Amino acid sequence: MTLAPNVNDSESQQLNGLASTTGIKKCVDFVSDLPWEIVRTYIMPRILGGTSRSPVHRLERSCGYLDVCSNWAKRIIAAYDSNYFILDVGDTLSDDCCMRIRMLVPYIESLSLRDLGARHIPQFLKCQTLVSLTRLRIKVTCSQETLWQLLEIAPNLTYLDIKYIDNIETPFAVFEVLDRCPKLIRLDLLLHPDATLDTAISQLDRTYDNIIHFQAVCKNWHKVDMFIPLIQCMPNVRLLSLTYFPSSSIMNTIKQHCAKLQQLFLHYPFVQHESLDDIKEDEEDENDIPGLRLLTINGGFHNGNKIAETMIRHSATLESLVLEKEDMLQISPVGSWNCFGPVEFTQLKSLSIPPYFEDRMVHFIQWVVVHAPNLESLETIASGTALHHLMDLLRDRPSKRIGFFYSRNYQHHEKRFLEDHIQRGTESHLEALKCTFGGMNAIVITPASWINLIPMLKQLKKLELHMTSDIMIRGFSTFIQQVSDGCGALEKVMLTWMCFNYTNMDIRPLSRHWNLQEVIVDAVDIPSHFMRHLTSFRHLKVLHLKYNIIDWNALAILKNQVPGLVYTDKYGPTL
């Protein structure tokens with residue numbers, strides 16, 4: 001990371017000390033005076049205690065070493081580019097806080113002015129320019145004119161997350177905002193159900209070519225078309241996230257103005273979408289067919305015919321369909337299997353469904369599978385009538401990935417499916433398997449359990465174990481040992497715990513697997529005994545921990561022992 005420019009502001013040069021003691025006390029301020037590469041490589045890890053540290057700083061509180069002086073702040077922020085700054089208080093700021101803002105803000109890349117923080121924008125305006133700021137999250141509790149002034153001094157914003165839920169009697173002038181963000185790539189916009197957009201100044205030739213990710217939320221289905229004037233100004237948008245299924249007007253707008261759209265997310269209730277996964281960048285390829293690659297429906301009641309029409313419109317490109325939130329998702333059946341005439345989703349390779357869903361949804365799911373001859377991945381299937389029909393449809397498909405819901409030891413269809421692929425041996429295409437455990441009762445993996453067939457899948461490369469509830473799984477460690485011994489081709493293991501309270505979840509046998517390259521642990525918390533177990537995986541290329549990080553010192557110690565460790569603070573800032 002390059003260093004931000006110097007701040008020529010005498011008031012912000014120091015907070016708790018001088019910028020440099022050289023020539024005053026005849027001692028060296030190593031951070032300020034030594035060459036940058038030496039400071040970043042040798043000094044920063046020593047004074048900050050290693051590379052694993054909380055990236056969150058609250059501007060109304062002391063920021064430790066960042067408060068020493070302007071030079072220290074600049075170099076520390078440059079050394080750790082994940083720093084995230086928050087200001088959310090509505091009270092009058094102290095003199096120290098005001099000085100801290102003026103000293104730090106020129107170097108900040110990620111800033112959140114949530115709750116009442118936007119009321120203090122005048123303090124930021126004193127800095128004249130915020131060239132380092134690229135990511136801003138703000139709740140508009142100030143006037144819109146004040147927001148515009150802030151955006152005018154932050155010309156390099158690439159990610160803007162706006163919540164407009166106050167002062168809703170005034171329409172939100174969204175074009176005034178976007179005109180001040182020439183480099184914006186991602187826009188997240190959340191509006192109060194009664195809010196409106198001011199699109200009166202919309203011009204036919206206005207476009208925002210850099211925006212490729214647009215998330216629009218308004219929990220009022222009567223206003224679903226409110227975003228049309230905005231969508232049609234984004235010709236290069238690749239990911240669009242909405243609360244409700246698009247109306248015919250929005251779909252026509254997308255067809256006419258958004259030829260590069262690849263991913264459509266429908267979330268009810270609202271879910272923050274964090275990344276731009278798998279977005280293709282080869283837009284210059286003349287042979288690249290425009291159309292959706294991914295359709296995700298997360299909750300809500302939907303008309304099966306509308307979904308079918310959307311899928312058919314993009315049948316030449318649609319690769320993945322994701323249906324989520326079994327307790328809040330309903331999809332009515334398609335009118336009849338042949339009501340749309342002959343149709344094949346030849347590119348559809350992946351279908352994700354909830355393990356349990358409203359009864360009528362099975363007809364829609366079967367309709368999709370019947371018309372997707374090249375389907376390679378299907379998850380998560382639970383025992384029942386639906387499973388019986390789906391397994392019959394999948395019997396002759398080139399399945400590469402399957403997901404089952406573990407409810408009891410003897411599940412006939414799961415056992416039959418796995419036995420079939422074991423018998424095929426090297427002719428089997430099955431490379432990935434996901435097993436989801438749920439329910440309230442303890443699970444006992446016995447020798448007769450169908451799950452014990454998994455270690456016999458010699459060609460398996462990826463195994464996912466997903467625990468959705470706080471359950472005890474007896475025999476888990478033995479099963480892990482069998483997987484380590486039996487699945488010789490295994491390269492990646494992903495373990496997901498919604499809760500993590502038990503001491504019998506020992507995965508250390510996997511550390512002795514000669515071919516294993518990556519382990520992902522996704523949990524609410526990682527207890528200390530399990531953290532010690534992870535030192536056995538120091539040879540892995542990647543050990544990725546996703547959890548609520550509280551003890552940063554323990555994480556730093558593990559990082560020193562496991563070079564391939566990477567981590568994600570699940571409940572930390574998302575900007």
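For the sequence shown, UniProt numbering begins at 1 and goes up steadily by one.
Glycine included, every Cβ here is placed at the ideal spot set by N, Cα and C.
Quick caveat: nothing in here was measured; it's all calculated off a predicted structure.
Here's the rule I'm using: 16 or more other beta-carbon atoms within 10 Å means buried, otherwise exposed. How should A78 be labelled? For this step, residue 78 is matched to residue 78 along the sequence shown. Answer is buried; the Cβ neighbour count reaches 16.
Exposed or buried, which one is C487 when buried takes at least 16 other CB atoms within 10 Å? Residue mapping note: residue 487 aligns to position 487 of the sequence shown, counting from 1. Counting Cβ neighbours within 10 Å, C487 comes out buried, since at least 16 surround it.
Starting from N298, trace the beta strand (DSSP E) both ways and give me its first and last residue. Here residue 298 refers to the residue found at position 298 of the sequence shown. Where N298 is concerned, the enclosing beta strand (DSSP E) stretches over L294 to H302.
Return the first residue and the last residue of the beta strand (DSSP E) that A200 is part of. In the sequence shown, counting from the first residue as 1, residue 200 sits at position 200. Per DSSP, A200 belongs to no beta strand (DSSP E) and is neither H nor E.
Give the DSSP-derived three-state secondary structure of V39 in the structure shown. If you number the sequence shown from 1, residue 39 lands on position 39. Reduced to three states, the DSSP call for V39 is helix.
Please name the residue, chosen from L104, T141 and T146, that lies closest to S132 on a Cα-to-Cα basis. Here residue 132 is taken as the residue at index 132 of the sequence shown, counted from 1. Minimum Cα distance to S132 is reached at L104.
Beta carbon of C435, beta carbon of I422: below 8 Å? As a first step, residue 435 must be located in the sequence shown, where it is residue number 435. As a first step, residue 422 must be located in the sequence shown, where it is residue number 422. Going by C-beta atoms, C435 is not nearer than 8 Å to I422.
Reducing DSSP to helix, strand and coil, say where D91 ends up. The sequence position of residue 91 within the sequence shown is 91, counting from 1. Looking at D91 - three-state DSSP - the assignment turns out to be coil, as it is neither helix nor strand.
Within a Cβ cutoff of 8 Å, which residues of the same chain sit near V566, ignoring the five residues on either side of it in sequence? One-based indexing of the sequence shown puts residue 566 at position 566. Excluding sequence neighbours, V566 sits near V542, L543, H544 and L545.
Check whether I101 and L157 have beta carbons under 8 Å apart: Counting from 1 along the sequence shown, the entry for residue 101 is found at position 101. Counting from 1 along the sequence shown, the entry for residue 157 is found at position 157. Not in contact: I101 and L157 (Cβ atoms no closer than 8 Å).
Own chain partners of E358 with C-beta closer than 6 Å, once the 5 adjacent residues on each side are dropped: Counting from 1 along the sequence shown, the entry for residue 358 is found at position 358. So the list reads Q330, once near-sequence residues are dropped.
Please name the residue or residues paired with Q330 in a DSSP beta bridge. Residue mapping note: residue 330 aligns to position 330 of the sequence shown, counting from 1. Looking at the DSSP assignment, Q330 forms a beta bridge with F301.
For the pair the stretch 105-119 and the stretch 61-80, tell me if three or more CB-CB distances fall below 8 Å. yes
Which residues in the same chain as D282 place their Cβ atom closer than 7 Å to its Cβ, once the five residues preceding and following it in sequence are excluded? Mapped onto the sequence shown, residue 282 falls at position 282. No answer about D282 holds up, because its pLDDT of 46 lies below 50 and its placement is not dependable.
For S250, three-class secondary structure by DSSP: On the sequence shown, position 250 is the one that residue 250 refers to. Note on residue identity: the sequence assigns Ile, not Ser, to residue 250. I250: helix per DSSP, three-state reduction.
Give the DSSP-derived three-state secondary structure of K219 in the structure shown. Taking the sequence shown and counting its residues from 1, one reaches residue 219 at position 219. Coil.
Between which two residues does the alpha helix (DSSP H) holding V483 run? The residue given as residue 483 occupies position 483 in the sequence shown. Its alpha helix (DSSP H) spans residues F476 to G486.
With which residues is G403 paired in a DSSP beta bridge? Translated into the one-based positions of the sequence shown, residue 403 becomes position 403. Answer is K434, bridged to G403.
Determine whether the beta carbon atoms of I138 and A118 lie at a separation below 8 Å. Within the sequence shown, residue 138 is the residue found at index 138, counting from 1. Within the sequence shown, residue 118 is the residue found at index 118, counting from 1. Yes. Within cutoff.
Span of the beta strand (DSSP E) around residue 581: One cannot answer for residue 581 here, as it falls past the ends of the chain, which runs 1 to 575.
Where does F364 sit, in a helix, a strand or coil, going by DSSP? Here residue 364 corresponds to residue number 364 of the sequence shown, with the count starting at 1. In the structure shown, F364 sits in a helix (DSSP, three-state: H, G or I).
Are there any heavy atoms of the ligand NAD lying less than 7 Å away from the beta-carbon of N303, as far as the coordinates show? No copy of the ligand NAD occurs in the structure displayed, which carries no ligand at all.
Which one of V343, T317, P333 and S315 has the shortest CA to CA distance from H302? Numbered from 1 along the sequence shown, position 302 holds the residue referred to as residue 302. Cα-wise, what sits closest to H302 is P333.
Run through DSSP, which three-state label would L189 get? Taking the sequence shown and counting its residues from 1, the one referred to as residue 189 is at position 189. In this structure, L189 counts as strand in the three-state DSSP scheme.
Among I43, T426, H429 and Y356, which residue has its Cα nearest to the Cα of R75? By one-based count along the sequence shown, residue 75 stands at place 75. Cα-wise, what sits closest to R75 is I43.
Can you look up W514 in the DSSP assignment and give me helix, strand or coil? Stepping through the sequence shown from its first residue, residue 514 is reached at position 514. In this structure, W514 counts as coil in the three-state DSSP scheme.
Just curious, the alpha helix (DSSP H) that H529 is in, first and last residue? The sequence position of residue 529 within the sequence shown is 529, counting from 1. Segment S528 to H533, the alpha helix (DSSP H) holding H529.
Compare the Cα-Cα distances from T446 to each of P229, I353, Q482 and F227 and report the closest residue. If you number the sequence shown from 1, residue 446 lands on position 446. The residue with the shortest Cα to Cα distance from T446 is Q482.
Start and end of the alpha helix (DSSP H) containing V177? For this step, residue 177 is matched to residue 177 along the sequence shown. Here the alpha helix (DSSP H) through V177 covers V174 to L178.
Measuring only the C-alpha atoms, how far is V370 from I454? In the sequence shown, the residue the question calls residue 370 occupies position 370. In the sequence shown, the residue the question calls residue 454 occupies position 454. Taking the straight line from one Cα to the other gives about 27 Å.
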